[in-house]
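Per the working numbering, the sequence shown starts with residue 263, numbered consecutively. Working notes for the structure below.
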Amino acid sequence: HHGPILREENGKRYAIRKAGIGDVHVLTQVREQCLAQNVDEYRAALAGCHTVMFNHLFGDNTGDIGYISAGSVPRRPDGYDFHAPVPGWSSATEWGDTLTIDELPQAIRPASGFVQNCNDNPGYCGADDMQVAPPYPDFLAPNARTLRGDYMHESLEYEIAFQPNKTRLTPEIAMHIATDCTDLNAARELPALIGLADNESGFTELREVTDVLTRWDGSLSRDAIGAGLFQAWLLQPFVWAQLFVGTYVPATYGATAPLAERFPAECAKALEDAAEWLQAYGFPLDVAWGELHRLRRGSVDLPCDGGLDSLVPFGGRLNEVDGKTTVTFGTSFRSVVELLPDGNPNIWACLPWGNADDPSSPHYADQLPLAARREYRRVPWTREAVEAEATAEVRL
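In structure tokens:
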């Protein structure tokens, strides 16, 4: 067999095989990545393909940038769906050799001037001159994209178009893009949803509800009126099953009509149910988004910007007792780095859930307010800067 047997059922044994298992060169590769001084050295460090598959976006202080979807990827035979079990008794399903670095999706010094990835297919990374261009085999890169990736691409393309000589973004613009909390479902779905209350649509009883949505600016900021109602609509079973909230969208997504145009009666019922759901918890229809969307850790409980389909993809678990969502996943770390010729970068960062797991530590939740406000802290880089901010020193 090809690996440890995990299960026996109906006379069959199910084994699992993992790419790269037993490869002892992983740490050597990671060390070489950390020591790389420029784009070419970083690509050379990845050339052994010893780690698992990752999106690598990298740059140096000369202005060169690159992207490689790199890792240990075995060549798979055609005709099988390797997302599901395949016949382990047949040599026809046997893995081939590992793809070389030259076969992996990549763009080094792309003419577009930027690379990005929001859990997308490498073909959507934003580079317009991929050295290894799509389409890719399904085992290498499924044809999947996200609303976040599309929006990030559009934002970077727009900003770069207005930069002199298309050379660079300012740190301030980069911070703004990385914390844009526009609801990426609203632009397409909201107008048709509001239109349900028009006399011609026949759902005029929803006008009180849709009036709240007309006051919404489409952002998932804490003070946004209408965001909570729209998010409650997205969570209704029919809507959730039809849309692709927080996950991959198909290639045909852009050509598909808004849901309320295709299923007006079902969407009207879902909007009515969303309104009743809010009111059942004692919330007004125009409840501010931050009342429902919370960052909580220890004694800290704050209204939180962002949501699943935004560039601040904070999501979490709904508390069915109070109707509020506590954020538990999303942007677990955020940073903006400005690489400078002298080798000392300017760095801004935010680690929402802190540097400590001990609730008694002052660093357990000290960055949560920054995360809630979509702000950053300066990160010391030089020895002098670190020593200036140090609160304790431990000698080993």
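The C-beta atom is built at its ideal place from N, Cα and C for all residues, glycine as well.
| field | Cβ neighbour criterion (16 or more within 10 Å) applied to LEU268 | value | With fewer than 16 other Cβ atoms within 10 Å, it is exposed.
| request: Spell out the partners DSSP gives ILE609 in its beta bridges. | output: The partner list for ILE609 (beta bridge, DSSP) reads VAL599.
| Neighbourhood of CYS380 by C-beta distance below 7 angstroms, restricted to the same chain and skipping five residues each side | If the five residues before and after CYS380 are omitted, its C-beta is found closer than 7 angstroms to the C-beta atoms of THR408, ARG410, GLY411, MET414, all from its own chain and listed in chain order.
| Would you call ASN581 buried or exposed, if buried means 16 or more other Cβ atoms sit within 10 Å of its Cβ? | The residue in question, ASN581, is exposed, as its Cβ has fewer than 16 Cβ neighbours within 10 Å.
| field | Counted within 10 angstroms of its Cβ, other Cβ atoms place ALA354 as buried (16 or more) or exposed | value | It is exposed - the Cβ of ALA354 has fewer than 16 other Cβ atoms within 10 Å.
| said: Can you tell me which residues form a DSSP beta bridge with ASP563? | reply: In DSSP, ASP563 forms a bridge with ARG558.
| Helix, strand or coil: which one does DSSP assign to LYS274? | Collapsing the DSSP output to three states places LYS274 in a strand.
| field | Buried versus exposed call for ALA618 [16 or more other C-beta atoms within 10 Å across all chains shown] | value | Exposed: under 16 other Cβ atoms inside 10 Å.
| task | Buried or exposed for PRO404, please, with buried defined as at least 16 other CB atoms from any protein chain shown within 10 angstroms of its CB. | result | It counts as exposed.
| request: Report the rounded CA-to-CA distance for PHE401 versus ARG338, giving the unit in angstroms. | output: Roughly 7 angstroms separates the two Cα atoms.
| request: Since I believe TYR398 is in contact with GLY385 (beta carbons under 8 angstroms), could you give me their beta-carbon distance rounded to a whole number of angstroms? | output: About 7 angstroms separates the two Cβ atoms, so the contact holds.
| LYS586 lies in the beta strand (DSSP E); which residues open and close that run? | Start and end: 586-591.
| Proximity to ALA449 [Cα-Cα], best of LEU482, ALA513, PHE344 | Minimum Cα distance to ALA449 is reached at LEU482.
| For the candidate residues ASP359, TYR329, LEU455, PHE465, whose alpha-carbon lies nearest to that of PRO520? | Minimum Cα distance to PRO520 is reached at LEU455.
| field | Assumed close pair PRO607, GLN629 - CB separation to whole angstroms, cut-off 8 angstroms | value | That pair is no contact at about 20 angstroms.
| query | By Cβ distance, which residues of its chain are closer than 7 angstroms to ALA307, with the 5 residues on each side in sequence left out? | reply | Only residues of its own chain outside the window of five on either side were considered, and among them GLN291, GLU294, GLN295, ALA298 have a CB closer than 7 angstroms to the CB of ALA307, listed in chain order.
| query | What three-state label does DSSP hand GLN368 in the structure shown? | reply | Look at GLN368 here: in three-state DSSP terms it is strand.
| field | Boundaries of the beta strand (DSSP E) in which ARG579 is found, first to last residue | value | For ARG579, the enclosing beta strand (DSSP E) stretches over residues 577-581.
| Residues bridged to SER481 by DSSP? | Under DSSP, the beta-bridge partners assigned to SER481 are THR444.
| said: Suppose the cutoff is 8 angstroms on Cβ atoms and the five residues either side in sequence are ignored; what does the same chain contact list for THR587 look like? | reply: The beta carbon of THR587 sits closer than 8 angstroms to the beta carbons of LEU554, HIS555, ARG556, GLY577, GLY578, ARG579, LEU580, ASN581 from its chain, once the five residues preceding and following it are set aside; these are given in chain order.
| field | Close Cβ partners of ARG275 (< 6 angstroms) along its chain, the five nearest in sequence each way excluded | value | For ARG275, same chain residues with a beta-carbon under 6 angstroms away, outside a window of 5 residues either side, are ILE267 in chain order.
| task | Sort out for me which residues DSSP pairs ILE487 with in a bridge. | result | Under the DSSP definition of a beta bridge, ILE487 partners with ALA550.
| Okay, do the stretch 315-328 and the stretch 340-354 touch, 3+ Cβ pairs below 8 angstroms being the bar? | Verdict: no, contact absent.
| task | With a 10 Å radius around its C-beta and 16 neighbouring C-beta atoms as the bar for buried, classify GLU538 as buried or exposed. | result | Under this definition GLU538 is an exposed residue.
| Nearest-angstrom beta carbon gap, LEU458 and CYS529 [assumed within contact, 8 angstroms] | That belief holds up - the Cβ atoms of CYS529 and LEU458 are roughly 7 angstroms apart, short of 8 angstroms.
| Residue(s) in a DSSP beta bridge with TYR420 | According to DSSP, TYR420 shares a beta bridge with no other residue.
| query | How about PHE492 and TRP502: do their beta carbons lie closer than 8 angstroms? | reply | For PHE492 and TRP502, no; Cβs fall outside 8 angstroms.
| query | Buried or exposed: which applies to TYR638, given that a residue is buried once 16 or more other Cβ atoms fall within 10 Å of its Cβ? | reply | Counting other Cβ atoms within 10 Å of its Cβ, TYR638 reaches 16 or more and is therefore classed as buried.
| request: Answer yes or no: do GLN368 and VAL335 have a C-beta to C-beta separation smaller than 8 angstroms? | output: With a cutoff of 8 angstroms on beta-carbon distance, GLN368 and VAL335 are scored as not near each other.
| query | Which residues in the same chain have their Cβ closer than 7 angstroms to the Cβ of PHE316, if we skip the five residues on either side of it in sequence? | reply | Same-chain partners within the cutoff: ALA332, GLY333.
| request: Compute the distance between the beta-carbons of ALA623 and ILE609, then report whether it is under 8 angstroms. | output: Just to set this straight, residue 623 is Ser in the shown sequence, not Ala. For the 8 angstroms CB-CB criterion, SER623 and ILE609 do not form a contact.
| message | Using C-beta distances below 8 angstroms, list every residue in its chain close to LYS280, excluding the 5 sequence neighbours before and after it, in chain order. | response | Here the set comprises GLY265.
| task | Would you kindly report the start and end of the unbroken beta strand (DSSP E) that includes PHE320? | result | For PHE320, the enclosing beta strand (DSSP E) starts and ends at 316-321.
| query | Hey, ILE330 and LEU366: beta-carbon distance below 8 angstroms or not? | reply | In contact: ILE330 and LEU366 (Cβ atoms closer than 8 angstroms).
| query | Within this structure, are the beta carbons of GLY560 and ALA634 separated by less than 8 angstroms? | reply | No, Cβ-Cβ distance for GLY560 and ALA634 is not below 8 angstroms.
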